[in-house]
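First to last, the sequence lines map onto chains A and B.
Quick note, my numbering runs 86 ahead of the 1-based positions in the first sequence.
Quick note, my numbering runs 86 ahead of the 1-based positions in the second sequence.
2 protein chains.
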Amino acid sequence: MNLLSNRFEVPYYAVIFTSQRTTGDQGYGQMADQMESMGRDQAGFLGIESYRESSGAGVTISYWKTLEDIRHWKSNPAHQIAQDKGKQTWYQSYSVKICKVERAYDFENM
Amino acid sequence: MNLLSNRFEVPYYAVIFTSQRTTGDQGYGQMADQMESMGRDQAGFLGIESYRESSGAGVTISYWKTLEDIRHWKSNPAHQIAQDKGKQTWYQSYSVKICKVERAYDFENM
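Here it is as structure tokens:
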């Protein structure tokens, strides 16, 4: 998702996924790429942005048209396998917040 | 804000501030620290988390009890000076999203 992404009409929805990775890749990178690619093909997908620091702390925020779209992607069988692997192996801890985006605006320095 | 932060009763509010920094510090670090410190003292402040990658792309998410608390901090005179300086100097671009957190849950790998 481009930084200047507020081209969607509010309200839409955001999933804020804050996480602390365990050490070592252990197949995480490949699965993350695969899940992002699959996520982009889901109904109602609007965008995604990810940031991770060298400490292993990071956040992924995905944007969706409706809560139903979020539920649908959460219950996708391949995504569920990835979620299980995340709990077993890739994440020390995580926090999920489901949010309704009520207002959005951008600034660009020309 | 601790990663496992979902100790607040929903609904509460999140401000997702995604930004692309310009190059060089130019007083940014000091002002960011000062604003975070002031923000923590505001009415309705719940927490803050920040991630920035070496590319200069990053996100700060702050959490608040009410929309009124967010408006109040946005209009704080010292914060307004920082916002102006941000537009003039520190940010190539940014995007602000005001969100209502409707559901939140955590996972911790024991």
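Idealized CB from N, CA, C, for every residue including glycine.
- Chain order gives the chain B residues near A/TYR191 as SER181 and VAL182, where near means a beta carbon separation below 8 Å.
- Contacts with chain B at 9 Å (Cβ-Cβ) do not include A/GLU154.
- Close CB contacts of A/TYR137 within its chain, under the 7 Å cut and outside five residues either way in sequence, are with GLY144 and VAL145 (chain order).
- Excluding residues up to 5 positions away in sequence, TYR99, VAL101, TRP150 and ILE184 lie with their Cβ nearer than 7 Å to the Cβ of A/ILE156 in the same chain.
- The three-state secondary structure of B/ASP119, taken from DSSP, is helix.
- Of all alpha-carbon atoms in A/GLU95, A/VAL96 and A/THR104, the one lying nearest the alpha-carbon of A/TYR177 is that of A/THR104.
- B/MET124 is positioned such that its CB atom lies no closer than 9 Å to that of B/HIS158.
- One alpha carbon belongs to B/ALA168, the other to A/GLU122, and they sit about 35 Å apart.
- Residues VAL101 and ILE134 of the same chain have their beta carbon placed closer than 6 Å to that of A/SER148, with the five preceding and five following residues left out of the count.
- In the DSSP annotation of this structure, the continuous segment of the alpha helix (DSSP H) that includes B/GLN166 starts and ends at 163-171.
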